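**Student:**
Residue numbers (the numbering used here): 90 to 598.
1) Is the number of C-beta pairs between the stretch 230-246 and the stretch 127-134 that are closer than 8 Å three or more?
2) Among the residues of its own chain, which have a CB less than 6 Å from the CB of residue 520, if the five just before and after it don't count?
3) From which residue to which residue does the beta strand (DSSP E) around residue 122 run?
4) Just to confirm my understanding: we take residue 581, look at its own chain, exclude 5 residues before and 5 after, and list those with CB closer than 7 Å. What are they?
5) If we count the other Cβ atoms within 10 Å of its Cβ and call it buried at 16 or more, is residue 545 buried or exposed?
6) Given residue 597, which residues of its chain have a CB within under 8 Å of its CB, disregarding the five upstream and five downstream residues?
7) Spatial neighbours of residue 109 within its chain, please: C-beta separation below 8 Å, excluding the five flanking residues on both sides.
8) Who are residue 519's beta bridge partners in DSSP?
9) Could you spell out where the beta strand (DSSP E) holding residue 504 opens and where it closes?
10) For residue 149, which three-state DSSP category applies?
11) So, at 7 Å on beta carbons, what are the nonlocal neighbours of residue 226 in its own chain, with the 5 sequence-adjacent residues on each side left out?
12) Between residue 350 and residue 383, how many whole angstroms is the CB-CB distance? I'm expecting something under 8 Å.
13) Span of the alpha helix (DSSP H) holding residue 473?
14) Runs of 4 residues minimum, wholly inside the stretch 340-418: which ones carry the alpha helix (DSSP H) assignment?
15) Should residue 281 be labelled buried (16 or more other beta-carbon atoms within 10 Å of its own) or exposed?
16) Can you tell me whether residue 282 is helix, strand or coil according to DSSP?
17) Leaving aside the five residues before and after residue 116 along the sequence, list all residues of the same chain whose C-beta is less than 8 Å from its C-beta, in chain order.
18) At which residues does the beta strand (DSSP E) containing residue 571 begin and terminate?
19) Taking the Cβ atom as the reference point for each residue, do residue 471 and residue 387 lie within a distance shorter than 8 Å?
20) Who does residue 450 pair with in a DSSP beta bridge?
21) For residue 501 versus residue 397, is the C-beta distance shorter than 8 Å?
22) Rounded to the nearest angstrom, what separates residue 96 and residue 185 at their Cα positions?
23) Could you tell me the distance, in whole angstroms, from the CA atom of residue 353 to the CA atom of residue 285?
24) For residue 575, which residues from the same chain have a beta carbon less than 6 Å from its beta carbon, with the 5 sequence-adjacent residues on both sides left out?
25) Which runs of the beta strand (DSSP E) spanning at least 3 residues fall entirely within the stretch 247-332, listed in chain order?
26) Have a look at residue 306 and residue 175 and give me their C-alpha separation to the nearest angstrom.
27) Skipping 5 residues on each side, what residues in its chain have a beta carbon closer than 8 Å to that of residue 91?
28) If the criterion is Cβ atoms closer than 8 Å, does the pair residue 252 and residue 217 meet it?
29) Can you grab the Cα-Cα spacing for the pair residue 540 / residue 479, in whole Å?
30) Below 8 Å between beta carbons: does that hold for residue 317 and residue 140?
31) Could you check whether the stretch 193-207 touches the stretch 160-169, counting it as contact only if at least three pairs of C-beta atoms, one from each stretch, sit closer than 8 Å?
32) Along the beta strand (DSSP E) that carries residue 195, what are the first and last residues, could you check?
33) Taking only three categories from DSSP, how would you classify residue 109?
34) For the beta strand (DSSP E) containing residue 185, name the first residue and the last one.
35) Would a C-beta distance cut-off of 8 Å place residue 341 and residue 451 closer than the cut-off?
36) On the three-state DSSP scale, how would you describe residue 597?
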């Protein structure tokens with residue numbers, strides 16, 4: 090079977106249902122640190138859409154972020170091409186759209202070809218820098234600087250890139266770039282700028298350079314939202330048979346997308362995403378972050394332990410289960426939406442889109458994956474909503490408190506692997522529990538004392554809720570909260586999550 094590349098396209102060997110667009114002669118305008126599934130299915134796909142409409146007319150150079158990356162060689166073997174499949178539910182209809190994305194001109198391994206990266210920094214056509222190096226990548230690392238060797242960290246690479254550009258362009262204000270990080274970190278643009286300046290101090294870069302970074306480069310805070318599961322290894326043979334060619338970088342994503350960017354009109358005019366019909370919001374990112382965290386992320390965190398303990402494995406299975414669907418829908422309608430301070434029509438539209446996305450049969454969103462670091466997720470996603478509810482209603486929200494009880498039950502270990510991992514059981518199945526050292530310690534000690542009849546469920550819950558290191562406050566001080574969570578957890582332990590949920594749901598609905 091032939092491989093996807095420009096020769097394949099030149100011979101018109103793509104099936105008719107695959108969209109394609111030739112961008113080979115467009116200039117390189119974007120430097121992208123990262124070449125993973127998300128960027129290819131989000132930013133690079135977006136650049137393809139604006140290019141197709143003649144609104145941007147520029148391509149992307151992808152920089153490999155880590156020494157052991159495997160994507161750049163595949164990108165270059167395929168001439169920067171890959172197939173992206175939009176698959177899911179849109180306006181109540183199932184859709185399946187194939188497209189060969191050609192917005193990437195080339196990939197560079199900076200650890201082998203740092204000189205190529207520095208030459209790129211000199212280019213007068215470069216205007217934008219995008220990145221997605223995961224939350225761990227957007228952190229400060231103290232490292233040594235050598236002009237001829239790639240720094241290891243992403244901020245280090247960008248600092249060296251900007252410094253070389255500054256010197257090559259003699260500090261030209263017009264040579265400044267717009268940085269648009271896509272890492273899921275609040276205030277990501279501000280943080281990136283702060284790290285760049287700190288690294289500049291470490292490396293002894295002069296004050297003129299730092300002034301140029303501050304005054305003539307834009308660092309945009311962003312929020313990104315699209316589920317891009319990536320390479321479908323379980324179904325790749327079926328896709329290749331349908332396409333008639335091999336694609337090492339084949340990707341799948343949901344139709345929904347949201348890109349919120351804090352930037353002025355100069356940037357928005359240079360990146361005409363909205364004009365191309367894309368769901369891009371310019372301005373303050375905070376309301377959209379709050380909306381996403383409250384209506385999408387909070388239900389994820391509330392459902393994962395409930396659904397998994399009920400015998401399900403994916404978000405889609407939860408939505409297909411009548412009891413669990415009622416739990417999710419009622420939690421959003423009755424407990425979350427009333428305390429989200431946003432335009433009523435817009436937040437309900439978003440809630441409807443979330444339900445539609447959860448029902449996407451093509452996205453295998455693992456409940457166990459959603460349970461990774463669940464304590465911190467509950468703290469940042471659910472706890473703020475729970476606190477507002479209690480302050481406004483003077484009562485405990487039953488579904489939010491029930492989800493916490495289910496989380497504590499999910500964290501009941503059979504085996505302790507290390508300080509950050511335990512093994513739990515669902516019947517005869519085992520599953521991995523990963524979280525912070527504090528969360529693992531508190532839960533392993535608490536359940537051990539309960540198993541050895543040294544404390545009751547209520548004492549276990551009270552101990553957990555008191556842990557300010559986990560919650561940022563002492564939750565046991567909330568009147569009636571310990572009793573409510575304890576009651577649900579006791580019922581879950583003895584009767585199972587489904588029977589307990591029936592009692593909770595009956596009281597609420």
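All C-beta atoms in this analysis are idealised placements derived from N, C-alpha and C, irrespective of residue type, glycine included. Keep in mind it's a predicted model, so treat the numbers as computed, not measured.
**Tutor:** Reading off the structure:
1) no
2) Taking the chain shown and counting its residues from 1, the one referred to as residue 520 is at position 431. Contacts found: 457 and 513.
3) Looking up residue 122 in the chain shown gives position 33. Taken as a continuous stretch (DSSP letters only), the beta strand (DSSP E) holding residue 122 covers 117-122.
4) If you number the chain shown from 1, residue 581 lands on position 492. Answer for residue 581: 494, 495, 498 and 589, listed in chain order.
5) For this step, residue 545 is matched to residue 456 along the chain shown. Exposed is the call here.
6) On the chain shown, position 508 is the one that residue 597 refers to. Note that residue 597 has pLDDT 47, beneath the 50 cutoff, so the model's placement of it is unreliable and the number below is only indicative. Contacts found: 419, 423, 487 and 488.
7) Numbered from 1 along the chain shown, position 20 holds the residue referred to as residue 109. Around residue 109: 98, 103, 188, 189 and 191.
8) Here residue 519 corresponds to residue number 430 of the chain shown, with the count starting at 1. In DSSP, residue 519 forms a bridge with 514.
9) Position 415 of the chain shown, counted from the first residue, corresponds to residue 504. 502-507 is the extent of the beta strand (DSSP E) around residue 504.
10) For the purposes of this step, residue 149 is taken as the residue at position 60 of the chain shown. Here residue 149 sits in strand by DSSP.
11) Here residue 226 corresponds to residue number 137 of the chain shown, with the count starting at 1. 154, 243 and 272, listed in sequence order.
12) Position 261 of the chain shown, counted from the start, is the residue given in the question as residue 350. Position 294 of the chain shown, counted from the start, is the residue given in the question as residue 383. No, residue 350 and residue 383 are not in contact; Cβ-Cβ is about 20 Å, not under 8 Å.
13) As a working note, residue 473 is residue 384 in the chain shown. Residues 472-482.
14) Listed in chain order, they are 354-359, 375-381, 387-398 and 404-409.
15) Within the chain shown, the letter at position 192 stands for residue 281. With 16 or more Cβ atoms within 10 Å of its Cβ, residue 281 is classed as buried.
16) Residue 282 sits at position 193 when you count from the first residue of the chain shown. Looking at residue 282 - three-state DSSP - the assignment turns out to be helix.
17) In the chain shown, residue 116 corresponds to position 27, counting from 1. Here the set comprises 146, 147, 148 and 214.
18) The residue given as residue 571 occupies position 482 in the chain shown. Careful: residue 571 lies outside any beta strand (DSSP E), inside the alpha helix (DSSP H) at 570-584.
19) Taking the chain shown and counting its residues from 1, one reaches residue 471 at position 382. Taking the chain shown and counting its residues from 1, one reaches residue 387 at position 298. Note that the C-beta distance between residue 471 and residue 387 is below 8 Å.
20) Counting from 1 along the chain shown, the entry for residue 450 is found at position 361. Residue 450 pairs with nothing; no bridge assigned.
21) Taking the first residue of the chain shown as 1, we reach residue 501 at position 412. Taking the first residue of the chain shown as 1, we reach residue 397 at position 308. Not a contact, by the Cβ cut-off of 8 Å.
22) By 1-based counting over the chain shown, the position of residue 96 is 7. By 1-based counting over the chain shown, the position of residue 185 is 96. Rounded to whole angstroms, residue 96 to residue 185 spans 25 Å at the Cα level.
23) For the purposes of this step, residue 353 is taken as the residue at position 264 of the chain shown. For the purposes of this step, residue 285 is taken as the residue at position 196 of the chain shown. Cα to Cα, the separation comes out at about 21 Å.
24) Position 486 of the chain shown, counted from the first residue, corresponds to residue 575. Cβ within range, chain order: 546, 547 and 550.
25) 267-270 and 311-314
26) Taking the first residue of the chain shown as position 1, residue 306 is located at position 217. Taking the first residue of the chain shown as position 1, residue 175 is located at position 86. So the alpha carbons of these two residues sit roughly 34 Å apart.
27) As a working note, residue 91 is residue 2 in the chain shown. Within the same chain, residue 91 has close Cβ partners 97, 102, 333, 334 and 335.
28) For the purposes of this step, residue 252 is identified with residue 163 of the chain shown, where counting begins at 1. For the purposes of this step, residue 217 is identified with residue 128 of the chain shown, where counting begins at 1. Result no, Cβ atoms of residue 252 and residue 217 do not sit closer than 8 Å.
29) Here residue 540 is taken as the residue at index 451 of the chain shown, counted from 1. Here residue 479 is taken as the residue at index 390 of the chain shown, counted from 1. Cα-Cα distance, rounded: 32 Å.
30) Within the chain shown, residue 317 is the residue found at index 228, counting from 1. Within the chain shown, residue 140 is the residue found at index 51, counting from 1. No, the Cβ-Cβ distance between residue 317 and residue 140 is not below 8 Å.
31) Touching, yes, given that three or more Cβ pairs across the two stretches are closer than 8 Å.
32) Here residue 195 corresponds to residue number 106 of the chain shown, with the count starting at 1. Element bounds for residue 195: 193-197.
33) Sequence index remark: in the chain shown, residue 109 carries index 20 (1-based). Looking at residue 109 - three-state DSSP - the assignment turns out to be coil, as it is neither helix nor strand.
34) By 1-based counting over the chain shown, the position of residue 185 is 96. Element bounds for residue 185: 182-190.
35) Counting from 1 along the chain shown, the entry for residue 341 is found at position 252. Counting from 1 along the chain shown, the entry for residue 451 is found at position 362. Between residue 341 and residue 451, the C-beta spacing is below 8 Å.
36) Taking the first residue of the chain shown as 1, we reach residue 597 at position 508. Since pLDDT at residue 597 reaches only 47, below the 50 mark, its modelled position is unreliable, and the value read off the structure follows with that caveat. The answer is helix: DSSP assigns residue 597 an H, G or I state.
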